[in-house]
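Numbering (this note's numbering), first residue to last: 34 to 424.
Glycine included, every Cβ here is placed at the ideal spot set by N, Cα and C.
Worksheet for the structure shown next.
This is the structure:
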């Protein structure tokens, strides 16, 4: 026994030492990797880098920015076409907006910025991607057990009582395939009628089975938002502030405004329900820098510094195309088919709003681009920015 003891003990010591060494190396590598990921501090504590410092060609990047500055939208600066385009207003609209402006992040650093990026303007349907993120957090917390669960299993306000509506799941709402039937805050799901829906009015059609047909429809997204409000039992802007915007160091200037008639009773409390855009006024009013933070959160797969704001799994699911309609995830626009932005990677995705308002995320090149009040779909600018990436 004795002659085998010491060799065995030596072997254990060697294995233990190797494990300790590997663990130490792995921990060191992990710490090193984490140290390389830059996150801006709160507010204006955001470091800038020259193009050369982040592996970009300064001349090509400068040309891209010069191009962007020439592409301002024809959208009136005083929003005078709002009702003509979208129909009767239900909420506030500002008296003016900023000119075209934007910001480009590489590796999280500001590498280019133009225009008034601190102007707090309506961002229209980019609000949908923020609502999607609240849904992700709701699922992460277990407040919804499964995204495929019927909404009516959780929400008992009459909105999902009909034979048709009771089939609608949370996923259907997130993919814009809910086909929810009804009226909400004075607007019907049909979009029929010029006074209520402006030039965006639609012709009558038969309803499809929930989950089988895609239609971009703000009445249904507003119903989705109301359902999230009833689940959280507190205003979604408060949820967004506590769970997302404060943790990522956003400013205090953004507002998420309800319609004048969208205050509802939730367990005896009068709470505002917010919309999925600014089609009928209100909505998310926010500056470009805060939007860049939100885009950067998704570039980093839902993580901010040492905190997972929304799960990595949710980011992946939210940016996976659904079975119907365009290249669309959970209220995010995708490029899987290379149709949205032919000159950009298939892995890139964006939050988009009228105007145009764009938060574009490119994991392949470690880029975030926020471009507001432009008159293009963004592809030409993205092509020029990508051309400036050298390493």
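Given 8 Å as the limit, is there contact between the segment 111-124 and the segment 75-90, that is, 3 or more CB pairs closer than that?
-> Look at the beta carbons and you see the segment 111-124 not touching the segment 75-90: under three pairs across the two are nearer than 8 Å.
Excluding five sequence neighbours on each side, which residues of the same chain lie with their C-beta closer than 7 Å to the C-beta of residue 364?
-> Excluding sequence neighbours, residue 364 sits near 161, 162, 164, 165 and 207.
Say whether chain B places a C-beta atom closer than 9 Å to the C-beta of residue 81.
-> Protein chains in the displayed structure number just one, and chain B is not present.
Return the chain-ordered list of same chain residues with a C-beta closer than 6 Å to the C-beta of residue 402, the five sequence neighbours on each side being excluded.
-> Excluding sequence positions up to five before and after residue 402, its CB lies within less than 6 Å of the CB of 137 and 393, all in the same chain and listed in chain order.
Please report the Cβ distance between residue 315 and residue 291, rounded to the nearest whole angstrom; I am assuming they are in contact, meaning their Cβ atoms lie under 8 Å.
-> The Cβ separation is near 6 Å, so the contact holds.
Give a single yes or no on whether residue 117 has its beta carbon closer than 8 Å to a heavy atom of the ligand SAH.
-> By its list of ligands, the structure shown contains no ligand whatsoever, and the ligand SAH lies outside what it can speak to.
Going by the beta-carbon positions, is the gap between residue 246 and residue 212 smaller than 9 Å?
-> It is a contact, given that the beta carbons lie within the stated cut-off.
Looking only at C-alpha atoms, which of 307, 92, 404 and 193 sits nearest to residue 271?
-> Among 307, 92, 404 and 193, the Cα nearest to that of residue 271 is on 307.
Compute the distance between the beta-carbons of residue 409 and residue 395, then report whether it is under 9 Å.
-> Taking 9 Å as the Cβ cut-off, residue 409 and residue 395 do not qualify as a contacting pair.
Which one or two residues does DSSP pair with residue 400 in a beta bridge?
-> For residue 400, which the question treats as bridged, DSSP gives the partners 139 and 395.
What are the start and end residues of the alpha helix (DSSP H) that includes residue 167?
-> For residue 167, the enclosing alpha helix (DSSP H) covers residues 159-173.
Around the C-beta of residue 225, are 16 or more other C-beta atoms found within 10 angstroms, so that it is buried, or is it exposed?
-> With fewer than 16 Cβ atoms within 10 Å of its Cβ, residue 225 is classed as exposed.
Using a Cβ-Cβ cut-off of 7 Å (strictly less than) and excluding sequence neighbours within five positions of residue 340, which residues of its own chain qualify?
-> These residues qualify, in order along the chain: 280.
Reduced DSSP secondary structure (H/G/I, E/B, other) of residue 312 = In this structure, residue 312 counts as coil in the three-state DSSP scheme.
Cβ neighbour criterion (16 or more within 10 Å) applied to residue 346 = By the 10 Å Cβ count, residue 346 comes out exposed.
Straight-line gap, residue 104 to residue 322 (C-alpha atoms, nearest Å) = Those two C-alpha atoms are separated by around 20 Å.
Would you mind listing the beta strand (DSSP E) stretches within the segment 355-394 that are 3+ residues and don't spill past its ends, in chain order?
-> Counting whole runs of 3 or more residues, the segment 355-394 contains the beta strand (DSSP E) stretches 382-386.
Check whether the Cβ atoms of residue 309 and residue 251 sit closer than 9 Å, and answer yes or no.
-> Contact flag set, yes.
Under the three-state DSSP convention, the category residue 405 falls into = If DSSP states are grouped into helix, strand and coil, residue 405 belongs with the strands.
Take residue 386 as the anchor and find which of 185, 155, 169 and 338 has the nearest alpha-carbon.
-> Nearest to residue 386 by C-alpha distance, out of 185, 155, 169 and 338, is 155.
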